[in-house]
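Following: one structure in C-alpha cells, then a few remarks.
Numbering (the working numbering), first residue to last: 428 to 614.
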C-alpha cells in the first residue's frame with residue numbers, strides 16, 4: 428500500500444466508527460476541522476471532495492460511507508493525516524469489487540458481538556487502563572491518585588473521550604516514552 432493509501436486508510440478508520448458507519452458531509456467536515464483540528468474548514472472540504480471524487484468515500488443520499496473494499500487500518504497514538512499525501516492519492520479501483528448498496532454497507536459495518544465478548548473487551552480495556560495508570564505513576568513520580576485526578580480533568584475538558592486516552596495524553600505531557608504507552612495499549 429502506498430503512503431497516500433495508508434494515510435487515507437487511517438483517516439477513514441478514524442472518521443467512521445463501526446457503531447456509526449455513516450456520517451453527513453457537515454459532520455465529517457466538523458470532525459476533521461473543529462473536533463480533531465486536523466485541517467481548517469476549507470481544507471476539510473477539499474479533502475472530502477477529493478476522497479469522494481477518487482471513490483475512497485461513497486455518497487448515498489445524505490450520508491457518506493467509506494468504500495467497503497478499503498482495508499481500514501488503525502492509526503498509532505498521536506497520528507495526524509498529512510494533507511499533501513491525501514490530496515495526491517489516486518482513484519480507488521472499484522473494478523475489483525462492485526459498489527454495494529447502503530444496506531449492504533451497513534450490514535458489513537455492524538458486526539454483532541455476543542455479550543460475553545463485549546464483557547471481556549470491557550474488562551480488557553479496564554485492565555489496560557489500570558496498567559497504564561500504574562506505569563505513568565511509576566515513571567512520572569506522580570501518585571496513582573494524582574494520575575487519575577489529572578486524567579479525569581482532561582476528560583472533563585475534552586468531552587467524550589476514554590480514560591486511557593487521557594492517561595496517554597498525561598504521559599505525553601510528562602515526557603514519557605509514547606512507544607511504551609502504545610505497547611501497553613496494544614497488549
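Beta carbons are placed, not taken as given, at the ideal position from N, Cα and C, and that holds for glycine.
Asked: Stretch-stretch touch, CB-based, cutoff 8 Å, three pairs: the segment 459 to 476 with the segment 494 to 502; Found: no
Asked: Counted within 10 angstroms of its Cβ, other Cβ atoms place residue 461 as buried (16 or more) or exposed; Found: exposed
Asked: Residues bridged to residue 447 (per DSSP); Found: 444
Asked: Sequence-distant residues of the same chain with beta carbon closer than 7 Å to residue 441, five excluded per side; Found: 502
Asked: Burial state of residue 585 (16 or more Cβ within 10 Å); Found: exposed
Asked: For residue 487, the first and last residue of its enclosing beta strand (DSSP E); Found: 484 to 487
Asked: Spatially closest choice to residue 458 from 439, 562 and 558, by CA coordinates; Found: 439
Asked: Straight-line gap, residue 488 to residue 570 (C-alpha atoms, nearest Å); Found: 52 Å
Asked: Residues near residue 590 in its chain [Cβ-Cβ closer than 7 Å; skip 5 each side]; Found: 556, 578 and 582
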